[in-house]
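Some notes on the structure that comes next.
Protein chains in written order, with our numbering: chain A, 1 to 209; chain B, 1001 to 1379.
Written as structure tokens, this is what we have:
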């Protein structure tokens, strides 16, 4: 498979090249340092997959994706970005990218992503996949935490952040009794039995960091 | 015959007196003398010339009004009895205009016995009354008091203006610096870390010994968490969203972040995304951040509702919380520097920030800023 890579940082390009050189079926056929070079390169050499940094000097990442997709509808564009996927991935995919990976991804992940998009598939990380699935689910019905009142939501968030009843009471200027009452009601509304369950839910739904 | 000559001279002198004002080292205050009698006009001029200020004259109420439109006078000496517009009417009109509504007016009158006219004078804004014939020393000392007052308030205005420009400069310098540092940290540091991570990955593929593999694995994790820290620092300095996706997306993101960080529910109602002037976007965004910081610190709220709307001319941002409500005393207290900072930022772009608190029912902050240039929809 013929791959072009683009990143404005030499260290990253070098790393990518080395990483892909190990793979028998992958061949780096060209490198670019900015959006314009990508466009030029894409005309000059035959390629199947373009691995692009999202934020290069010159053209904005989304514009570049759109342009490549328009000119070469059958080929794949894979975004490798410094930015967290929760903010950028959906936009990149909507613009026509076949996949979105952050630079934290393991090398193996990148290689399998290249293979997958080259054969016409789409690649999203398991984390993003889960998030998209949750959003779909949330769209069907009200997510559980939306059934809480504002005050209950706040108490739930504090429990999920690992705070004790006493700490919560102090911070919110409430009595510990009141906080406990809130907690009982929250667990009942959310159909849960323990703080641990709450924490798990909050993390899965990105309600806490 | 001689009267006409005097009148001409008078007009001449008013024009020549205006000339040195621009070049003189010490600033001069402008004084307007209004009298229909060329002789008394001349006498007054002679009297006041020793003050070495910029004297201007008018021979009718109409003429005085025209001058008051163009100049800021330290004081106006106004004859009460004039054909056409009399002194009272002239004073009323002068004080009725925005530019001259504070200008002190001293009435000159020959009718010593008319208490009634004195009251009328004060009612239309006179600060003093002088009987003709005037006593030179009294006239001079009264006029100099107003001249001094005027100079002082001019200096105050100038220094206020300087402070404001300095604040504006500091805001924009700080913003530039933040953006620069954020970019450097994110791009340079972040990319080098990515490079190192790839090198470690390369190494990992060639290692067989479990102990070494374990080491490279932990190195790789360490690099990941460092990348995350770098990103957090950079975003904290300046969210890259603002540059990449624009104000609307950045406000939406900030609202979500706020909820995630504080547990206070934050709902945002946003207009469709579009690209706006970056400096104004930054201004709105920073004010928004400051509002949220205040909510988190002081409001004890459980909910914040945000609405950003864009009309043809303005950004309107409304942030309403359900907390304790800011007290009026806190709006103007010494501790309200953050609020002052928001006002200053808004003022830089001709906008304003309104804050109203109802004790026990929360605080509403309304920001309105002219939109400036639009640079088209986001691609």
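Note that the Cβ used here is the ideal one computed from N, Cα and C, for glycine as well.
Could you spell out where the alpha helix (DSSP H) holding residue 950/B opens and where it closes?
Examination of residue 950/B is not possible in this model, given that chain B is present from 1001 through 1379 alone.
So, helix, strand or coil for residue 1363/B, using DSSP?
Counted from its first residue, the second chain places residue 1363/B at position 363. The answer is strand: DSSP assigns residue 1363/B an E or B state.
For a test of the three-state rule: what should DSSP assign to residue 1022/B, helix, strand or coil?
Indexing the second chain from 1 puts residue 1022/B at position 22. Here the model assigns residue 1022/B a pLDDT of 46, short of 50, so the residue's position is not dependable, and the following value carries that caveat. Note: residue 1022/B maps to helix in three-state DSSP.
Curious, which full-length beta strand (DSSP E) runs of at least 3 residues does the region 25–94 of chain A contain?
27–32, 49–53 and 76–81
CB contact below 8 Å: residue 126/A versus chain B:
Residue 126/A sits at position 126 when you count from the first residue of the first chain. So, not an interface residue.
Only counting the same chain, and skipping five residues up and downstream in sequence, which positions put a Cβ closer than 6 Å to that of residue 1080/B?
Translated into positions along the second chain, residue 1080/B becomes position 80. Counting only Cβ-Cβ distances below 6 Å, and skipping sequence neighbours, we find 1087, 1107 and 1109.
Selection from 1316/B, 1140/B, 1270/B and 1329/B that minimises the alpha carbon distance to residue 1287/B:
Start at 1 with the first residue of the second chain, and residue 1287/B comes out as number 287. Answer by Cα proximity: 1316/B.
Local conformation of residue 121/A per DSSP, three classes:
Locating residue 121/A in the first chain gives position 121, counting from the first residue. In this structure, residue 121/A counts as coil in the three-state DSSP scheme.
Contact defined as beta carbons within less than 8 Å: I believe residue 1085/B pairs with residue 1061/B. What is the distance between those atoms, to the nearest angstrom?
To locate residue 1085/B, count along the second chain from 1; it is residue 85. To locate residue 1061/B, count along the second chain from 1; it is residue 61. So it is a contact: roughly 3 Å between Cβ atoms.
So residue 116/A and residue 80/A are in contact, right, with Cβ under 8 Å, and what is the actual spacing, rounded?
Counting from 1 along the first chain, the entry for residue 116/A is found at position 116. Counting from 1 along the first chain, the entry for residue 80/A is found at position 80. The pair is not a contact, with the Cβ atoms about 14 Å apart (cut-off 8 Å).
Distance check for residue 1327/B and residue 174/A, CA to CA, integer angstroms please.
Walking along the first chain from the start, residue 174/A turns up at place 174. Walking along the second chain from the start, residue 1327/B turns up at place 327. Straight-line Cα distance between these residues: approximately 22 Å.
Output the boundary residues of the beta strand (DSSP E) element that contains residue 1309/B.
Here residue 1309/B refers to the residue found at position 309 when the second chain is read from its first residue. Unbroken beta strand (DSSP E) run through residue 1309/B: 1303–1310.
Within the chosen definition, does the region 1241–1249 of chain B reach the region 1187–1197 of chain B through at least 3 CB pairs nearer than 8 Å?
no
Can you find the residues in the same chain that come closer than 6 Å, C-beta to C-beta, to residue 182/A, ignoring five residues on each side of it along the sequence?
Locating residue 182/A in the first chain gives position 182, counting from the first residue. The residues are 152 and 155.
Flag this pair as touching only if the region 55–62 of chain A and the region 33–42 of chain A have three or more C-beta atom pairs under 8 Å; answer yes or no.
yes
For residue 1010/B, which of helix, strand or coil comes out of DSSP?
Taking the first residue of the second chain as position 1, residue 1010/B is located at position 10. Bear in mind that a pLDDT of 43 at residue 1010/B, under 50, signals an unreliable position, so the number given afterwards is only what the model happens to contain. Residue 1010/B: helix per DSSP, three-state reduction.
Please state whether DSSP places residue 1080/B in a helix, a strand or coil.
Start at 1 with the first residue of the second chain, and residue 1080/B comes out as number 80. The answer is coil: DSSP assigns residue 1080/B none of H, G, I, E or B.
Among the residues of its own chain, which have a CB less than 8 Å from the CB of residue 189/A, if the five just before and after it don't count?
Counting from 1 along the first chain, the entry for residue 189/A is found at position 189. Same-chain partners within the cutoff: 144, 147, 148 and 152.
Within chain A, the residues that residue 1265/B reaches when beta carbons sit closer than 7 Å:
In the second chain, the residue the question calls residue 1265/B occupies position 265. Within chain A, the residues near residue 1265/B are 150 and 153.
By Cβ distance, which residues of its chain are closer than 6 Å to residue 1073/B, with the 5 residues on each side in sequence left out?
Position 73 of the second chain holds residue 1073/B. These residues qualify, in order along the chain: 1030, 1032 and 1103.
Just the Cα atoms here: how many angstroms apart are residue 1265/B and residue 209/A?
In the second chain, counting from the first residue as 1, residue 1265/B sits at position 265. In the first chain, counting from the first residue as 1, residue 209/A sits at position 209. Rounded to whole angstroms, residue 1265/B to residue 209/A spans 15 Å at the Cα level.
Residue 1246/B beta carbon less than 8 Å from that of residue 1273/B:
Taking the first residue of the second chain as position 1, residue 1273/B is located at position 273. Taking the first residue of the second chain as position 1, residue 1246/B is located at position 246. It is a contact, given that the beta carbons lie within the stated cut-off.
Buried or exposed, going by whether 16 or more other CB atoms sit within 10 Å of the CB of residue 1105/B?
Against the second chain, residue 1105/B aligns to sequence position 105. By the neighbour-count rule (16 or more Cβ atoms within 10 Å), residue 1105/B is buried.
Determine whether the Cβ of residue 11/A lies closer than 8 Å to any Cβ atom of chain B.
Translated into positions along the first chain, residue 11/A becomes position 11. Judged by the 8 Å Cβ criterion, residue 11/A is in contact with chain B.
CA-CA distance, residue 1285/B and residue 1306/B?
Within the second chain, residue 1285/B is the residue found at index 285, counting from 1. Within the second chain, residue 1306/B is the residue found at index 306, counting from 1. Near 12 Å, if we compare the C-alpha coordinates of residue 1306/B and residue 1285/B.
Please list the partners that residue 209/A has in chain B, where partner means a Cβ-to-Cβ separation under 8 Å.
Mapped onto the first chain, residue 209/A falls at position 209. Those are 1260 and 1261, listed as they occur along chain B.
Against chain A, with Cβ distances strictly below 8 Å, would residue 1219/B count as a contact?
One-based indexing of the second chain puts residue 1219/B at position 219. Not one chain A Cβ lies under 8 Å of residue 1219/B.
Which residues, taken in chain order from the region 1170–1188 of chain B, show a beta carbon closer than 9 Å to some beta carbon of chain C?
The structure shown contains no chain C; its protein chains are A and B.
Does residue 19/A get closer than 8 Å to chain B when you measure Cβ to Cβ?
Taking the first residue of the first chain as 1, we reach residue 19/A at position 19. Closer than 8 Å: yes.
Interface residues of chain A facing residue 1323/B [CB-CB closer than 9 Å]:
By one-based count along the second chain, residue 1323/B stands at place 323. Ordered by position in chain A, no residue passes the 9 Å Cβ test against residue 1323/B, which lies about 11 Å from the chain.
Counting along the chain, where does the beta strand (DSSP E) carrying residue 1347/B start and finish?
Here residue 1347/B refers to the residue found at position 347 of the second chain. From DSSP, residue 1347/B is part of no beta strand (DSSP E) but of the alpha helix (DSSP H) over 1337–1348.
Measuring CA to CA, which of 7/A, 99/A, 142/A and 184/A is closest to residue 126/A?
As a position in the first chain, residue 126/A is number 126, starting the count at 1. That would be 99/A, whose Cα lies nearest to the Cα of residue 126/A.
Simplified DSSP state of residue 1211/B, which is helix, strand or coil:
Counting from one through the second chain, the residue named residue 1211/B turns up at place 211. In the structure shown, residue 1211/B sits in a helix (DSSP, three-state: H, G or I).
What's the C-alpha gap between residue 1278/B and residue 89/A?
Within the second chain, numbered from 1, the residue matching residue 1278/B stands at position 278. Within the first chain, numbered from 1, the residue matching residue 89/A stands at position 89. Spanning the two alpha carbons is a distance of roughly 23 Å.
Compute the Euclidean distance between the alpha carbons of residue 47/A and residue 123/A, then round it to the nearest angstrom.
Here the question's residue 47/A lines up with position 47 in the first chain. Here the question's residue 123/A lines up with position 123 in the first chain. Whole-angstrom Cα-Cα distance: 19 Å.
Which residues, in order along the region 1230–1247 of chain B, keep a beta-carbon less than 8 Å from a beta-carbon of chain A?
1231, 1240, 1241, 1244 and 1245
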